[in-house]
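Encoded as C-alpha cells, the structure appears first; notes follow it.
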Amino acid sequence: MSTANPTANSVTDANQGRRLKVVELPDGLERVFPVIKQLRPDLELGDYKRLVMLAHTADGYRVVAAEVKGDVVGVMGYRILHDLLHGSHLYIDDLVVTAKFRSLGHGSALLNFAEGEARRLGLSGLRLSTGTENTEAKKFYEREGWDERSVSFKKKVPSH
378 MSTANPTANS VTDANQGRRL KVVELPDGLE RVFPVIKQLR PDLELGDYKR
428 LVMLAHTADG YRVVAAEVKG DVVGVMGYRI LHDLLHGSHL YIDDLVVTAK
478 FRSLGHGSAL LNFAEGEARR LGLSGLRLST GTENTEAKKF YEREGWDERS
528 VSFKKKVPSH
C-alpha cells in the first residue's frame, strides 16, 4: 500500500519498505551522489552540486531519492520544461537504481512519482533520454509504457 501526497516531501510504499523522498538542496546531494556516480562516473561531487544548483535556479530542477531502510537505492532528477513541440512537460534528466536493487520496483516507483507530479501540475506529459547503447534502460522504459520518439544529437563546442 502506498501513501502519496503529491505536495509532500516523501511517499512511503509499505509493501516494499521503500520511501521516495524529495532531496533537500543542496544539503542532501552528498547523500545521493554515490548512486548518481553510477550513472555519471566522470562527475565529481563538487561539479554535481554546482550543476544541480544551476539547474534548480534556472529550471526548478528537483531530486528524488528512493530509500530502503534509510539507504539510497535510486535517484531521479527532473525539471519542468516548456517548448513548442512538447508544450509544458516534465523532463527526467537522471534516473538510476543501484544494480542490487534493480527489478524490484524502485525505478517504476520513481517514474510513477514523476507522472504524479506531471498530472498534479497539469502538464502535457513526460520526456526523458537514454543512451542508444543502454538497451536495458530502453527495455525498462518500454515495459513502463514509454514510447521511443526521437534520436538526439550532441556536438561539443571547442574551447578557445
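If you want my numbering, it's the 1-based position in the sequence shown plus 377. Where a beta carbon is used, it is the ideal one built from N, C-alpha and C, also for glycine.
Anticipated Cβ contact below 8 Å, residue i with residue j, distance rounded
| i | j | result |
| --- | --- | --- |
| residue 442 | residue 452 | 5 Å |
| residue 412 | residue 512 | That pair is no contact at about 21 Å. |
| residue 397 | residue 490 | 5 Å |
Identified DSSP bridge partners for residue i
| i | result |
| --- | --- |
| residue 396 | 389 and 444 |
| residue 457 | 467 |
| residue 439 | 455 |
| residue 473 | 452 |
| residue 504 | 468 |
Close beta carbons around residue i, own chain, < 6 Å, minus the five adjacent residues each side
| i | result |
| --- | --- |
| residue 502 | 466 |
| residue 459 | 465 |
Distance, residue j Cα to residue i Cα
| i | j | result |
| --- | --- | --- |
| residue 494 | residue 472 | 15 Å |
| residue 388 | residue 421 | 29 Å |
| residue 427 | residue 433 | 10 Å |
| residue 470 | residue 526 | 16 Å |
| residue 517 | residue 479 | 10 Å |
| residue 504 | residue 533 | 23 Å |
| residue 496 | residue 521 | 17 Å |
| residue 425 | residue 536 | 21 Å |
| residue 510 | residue 418 | 16 Å |
| residue 463 | residue 403 | 30 Å |
| residue 444 | residue 461 | 36 Å |
Short Cβ contact (7 Å threshold) for residue i with residue j
| i | j | result |
| --- | --- | --- |
| residue 423 | residue 440 | no |
| residue 482 | residue 415 | no |
Close Cβ partners of residue i (< 8 Å) along its chain, the five nearest in sequence each way excluded
| i | result |
| --- | --- |
| residue 457 | 436, 437, 465, 466, 467, 468, 498 and 500 |
| residue 408 | 400, 442 and 449 |
| residue 384 | For residue 384, the predicted structure reports a pLDDT of 43, less than 50, and the residue's modelled location is therefore unreliable. A value from the coordinates is still provided. So the qualifying residues of the chain are 497. |
| residue 446 | 394 |
Contacts around residue i, its chain only, beta-carbon distance under 7 Å, and the 5 residues preceding and following it disregarded
| i | result |
| --- | --- |
| residue 514 | 507 |
| residue 488 | 521 |
| residue 485 | 521 |
| residue 386 | 398 and 399 |
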